[in-house]
Each structure stands twice: as structure tokens, then as C-alpha cells.
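The opening residue of the sequence shown carries number -4 in our numbering; numbering runs sequentially from there. Ideal Cβ placement from N, Cα and C applies to all residues, glycine included. None of these values were measured; they are calculated from a predicted model.
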Amino acid sequence: MKRILIPGGAGYIGSHVVLSVLLTRRYKVTVIDNYHNSFPTAIERVEKIARDELPADATQEQKDACKIDVIKGDLRDRDTFSKAFSQYKGQKDEIYAVILVAALKAVGESGEIPIDYYDVNICGLVNLLRAMKEAQVWRLIYSSSATVYGTPKTIPIPETSPLQAESVYGRTKQMSEIMIKDVCDAHTDFRAISLRYFNPAGAHPSGLIGEDPVGKPGNLLPLLSQMAVGKYRDPGLRVNGNDYPTPDGTCVRDYIHVMDLAGGHVNALDAIDSDARFQNLPSRGKYRAFNLGRGQGMSVLNMIEAMRKVTGWAYPYEIIGRRPGDVPDLTADPTLAEKELGFKAKHGLDEMARDLWNWQSKNPKGYNP
Ligand code: NAD
Ligand code: WQD
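Structure follows, in C-alpha cells:
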């Protein structure tokens, strides 16, 4: 079996990506994480789900592959990646591809500690790219973000929209895409796919893994789910503006179930070896970027209502002023990923809310009670 290296595999999205890769029963996984924003328990639980969902006729190799190799390490340490690649070199389960999920990701914080953001998100990527080239590991799937579009001119947003990120965090994602493309242009053995995530939501339906942010969540959905278990109810929910040019005046986002999003990485792994996916491109490098969204915009009030239905909590709220940096609408045009990766999100809003609540109610204190 081939092996996939997943830096950041203990995090919210990473743990679901690791699980989706394991559930193909075609790959082994090694995670690199420094647990800056995650817990080892997430990895143990992914192993459990992967074992629990083994088919009755699973081979011994498939059973063994439920065990995830974990390297506690930091992207900023140049040796972390080279050691990981050399550990498996020449073996049957040599590392075949990397899915880089690890990053610092809070928009507000990125403006306060930009050097840390550039260090982890940019220097960490340089370390990875150099180690990949040296080890001749030629396939990379990269966690990008809809935030690279800044305030887009057209909705739904096609991949051809200009990249004009408006925060330090967003610029690290935009710069990373540029760097990866440049490397693919220069070293034509490289193949890379950036996946621009829209707003991930929900959790694996087992309720064993999910999002566990440190402190009071800044993002809407984790805040709503934590309020329903009794946290952060004072001073209550604040809706940031209802005077946007959207149907109900609140901001619209393209929420996508995290298991759908994670499945998109398997689509990308399947596509990355296909020469057809890298033909007739404007530059010679084998680099592509795809939106991962549903193409359906949901407002803040839609999300509050969806969570109210599953949690039973009333969510009294007040409307306050706009949050600086918010854009009215970020809805993906998902057609390119469907056509070229065969990616299509299966879960709707009610399932996202149900699975988020299932995770939160079973783990009111997250991974670390
Ligand atoms: P997360 O914080 O839950 O996961 C990131 C993981 O990376 C964590 O396990 C963290 O410990 C690890 N990490 C951070 N710095 C590290 C370092 N220096 N060395 C090693 N490991 C390190 O975040 P997430 O929501 O799962 O996001 C995953 C990726 O998806 C990120 O690249 C993020 O930019 C991108 N993304 C997230 C969202 C979102 O809304 N969550 C949207 C678009 C894109
Ligand atoms: C959604 C809407 C808020 C909290 C962020 C990053 C983005 C990406 C995903 C990584 C907005 C409103 C929120 C609250 C509110 N991350 N809101 N009251 O801003 O779309 O995206 O996470 O790449 O880069 O910016 O998500 O959940 O923070 O906000 O009214 O208490 O909910 O103003 O309109 P956002 P969010």
C-alpha cells in the first residue's frame, strides 16, 4: 500500500481527511503535527472509526493500515519532513503524496502576529517543498481557502476570479498557491492541486471527531454549537450586520459538510496522476486549483435556524454592526471540481447541523474534558 503524509492531520479538517484517506483502504497514513491546535485523541479516534468500519472481508494489510504513524513535529523544523520521507524510503509503503493541511488559520490573529503566520504557513511550505524535491516525492495536495478571493466580483465564484486576499492569513494562502505553482513550473515532475475550501461545517456522523477550537470560537458554527451546550451564553449571540445586499441582510457563506470536503482530497489524489487533468494549461507546470463548496449560499440567520432545529436552544440574538473584513457573499461555483475531479458534496444543511450537534453534545468539552 502506498503511504500519504498528512501534516496537520490531528486538526479539525485534517482528522476528517485522514479518515477519508484510510476509508479508501488503499493507503497508509503518516501524520505530522505539533498539536498547536489539536489533540492526539483525535488520531486515536480516527483509528477507531477506520477499524469499526472495516469490511468483513478486509485483508490483514487493510487492518494494519488503520494504524496511523504519528510524528510529533513542527513544519518550521527543516528536518521534520526529510526525516519522514527517509523513514519509509525504499519500502513498499514509501510516501507517495503529501496532503498539507497544517497551518495557522485565524484571520484576526494573523494581523496581530504576522511573523508567526508567515513562519508557519510560508516557511513551513518552503521546508516541505524542498524536502519533497530532495526525496523525489512529486505529488502535493494543498489546503487553500476561499479567502484568497477577497471580495469577489462575481457570485458564484469561479476559480478564474482574481486572487486578492485581504488579510495576512489570506495572503499566506494566496502566496502559498503562487509558490507551489512556481515550483511546478520549474520542476515538471511535480504535480500539485490546491483545494480552496469554502466554509467547512459538521463532523463525522459517529460524533467521535469534530471541531474543538481553543477558547471562545470566533467562527459562527462552533460558537452556535457551544452555546447550545451552555457555554458563552453571556452576553449572548451577536449577529454582525443585517444591512448587507443579501436576501435577509446577513452575510452569506457556502457551508460544506466536513466529510464531503475531506472526500474531495480523495478525489484529488485520484486525479493527480491523470495527465488529462494537467493538459492545455496556460503554463507548463502541472498545477491546478479547485473550489470545494456546494454552490449554495446560506445566511447567518439560515444557520441559526438550522442549529435551533437540531439543538432546541432558542438562540436569542442581537444585531450589531458589521465585522471588519466580512464580505457579503462567498458562494462557490463548484462546477470545475465536479467536472474534473468528480467531486460533488452529498450532505445538505440539515445533516451539517445534525452532525455538528451530535459531536458537540457527545463531547461538550471537546477532546480534553
Ligand atoms: P486546525 O487548526 O484544526 O488544524 C491545523 C493543524 O495544523 C492542527 O492540528 C495544528 O496543531 C497543526 N499545526 C499548526 N501549526 C503547526 C506547525 N507549525 N507544525 C505542525 N503542525 C502544526 O485547522 P483546520 O480548520 O483543520 O484547517 C486546516 C487547513 O484548512 C488549514 O490549512 C487552513 O488554513 C485551511 N482552511 C480552513 C478553513 C476553516 O474554516 N477551518 C477554511 C479554509 C481553509
Ligand atoms: C460567518 C458569518 C460573521 C460569529 C472564516 C475565515 C475564512 C475561512 C473560514 C479559513 C460572518 C458571522 C460570526 C458571530 C456572526 N477560514 N458571525 N456572529 O468569516 O466566513 O470565514 O472561516 O480559511 O478565511 O474568515 O466564517 O464563521 O467567522 O463567519 O454574525 O458571533 O457569521 O460575521 O458573516 P467566515 P465565520
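In DSSP terms, what residue i is bridged to
i	result
Leu203	DSSP, once it has assigned bridges, lists no residue as partnering Leu203.
Met293	Arg248
Pro230	Pro230 pairs with nothing; no bridge assigned.
Asn358	According to DSSP, which records beta bridges pairwise, Asn358 is partnered with nothing at all.
Ala196	His252
Ala187	Leu135 and Tyr282
Asp64	Thr25
Asp324	Val247
Pro2	Ile27
Ile94	Ile136
Asn262	BP columns for Asn262 are empty, so no partner.
Tyr312	Leu232
For residue i, the nearest candidate out of the options (CA to CA)
i	options	result
Ala198	Pro329, Gly9, Met(-4) and Asn275	Gly9
Ile44	Ile108, Asp59, Met170 and Ser201	Ser201
Ala130	Lys211, Gly225, Tyr91 and Leu344	Tyr91
Ile150	Thr36, Trp354 and Val247	Val247
Val16	Glu48, His31, Pro35 and Asn32	Glu48
Gly85	Arg(-2), Pro212 and Pro277	Arg(-2)
His342	Gly292, Val253 and Arg318	Val253
Val102	Ala160, Ile204, Pro147 and Glu206	Ala160
Ile314	His260, Asp243, Ile188 and Leu331	Asp243
Ala196	Leu219, Ala187, Ile188 and Val209	Leu219
Gln291	Gly165, Val93, Thr326 and Gly231	Thr326
Thr167	Pro212, Ala126 and Ser105	Ser105
Val305	Arg279, Ser356, Glu333 and Ala266	Ser356
Arg73	Asp114, Glu107, Arg318 and Lys87	Asp114
Ala181	Lys128, Gly316, Gly280 and Trp308	Gly280
Gly316	Ser278, Met298, His260 and Tyr239	Tyr239
Own chain residues within Cβ distance below 7 Å of residue i, not counting five before or after
i	result
Asp184	Trp133
Ala301	Leu344, Asp345 and Ala348
Glu333	Lys339
Pro329	Asn286, Gly288, Arg289 and Gly290
Spatial neighbours of residue i in its chain, beta-carbon cut-off 6 Å, leaving aside the 5 residues before and after
i	result
Ala340	Ile251, Asp255 and Arg289
Gly119	Leu70 and Arg71
Pro359	Val224
Pro147	Ser156
Lys100	none
Check whether residue i and residue j have beta carbons under 8 Å apart
i	j	result
Leu215	Val295	yes
Ala141	Phe193	yes
Ala97	Asp177	no
Tyr112	Val163	yes
Ile136	Ala37	no
Val41	Leu0	no
Pro2	Leu95	yes
Val24	Gly6	no
Gly361	Asp207	yes
Ile188	Ile108	no
His260	Leu190	yes
Val205	Trp354	For the record, residue 205 in the displayed sequence is Gly; it is not Val. For Gly205 and Trp354, yes; Cβs fall inside 8 Å.
Residues near residue i in its chain [Cβ-Cβ closer than 8 Å; skip 5 each side]
i	result
Met174	Ile117, Leu120, Val121 and Leu124
Val209	Asn32
Glu335	Ala266, Arg272, Arg283 and Phe285
Any C-beta of chain B under 8 Å from that of residue i
i	result
Leu351	The chain labelled as chain B is not found in the depicted structure, where only one protein chain is given.
*Determine contact between the stretch 141 to 157 and the stretch 272 to 288, defined as no fewer than three beta-carbon pairs at a distance below 8 Å.*
yes
*Taking 8 Å as the threshold, find out whether the stretch 232 to 242 comes into contact with the stretch 62 to 72 through three or more Cβ pairs.*
no
*At a cut of 8 Å, does the stretch 217 to 232 reach the stretch 53 to 60 through at least three beta carbon pairs?*
no
*Are the stretch 320 to 331 and the stretch 265 to 278 in contact at 8 Å, needing three or more beta carbon pairs?*
no
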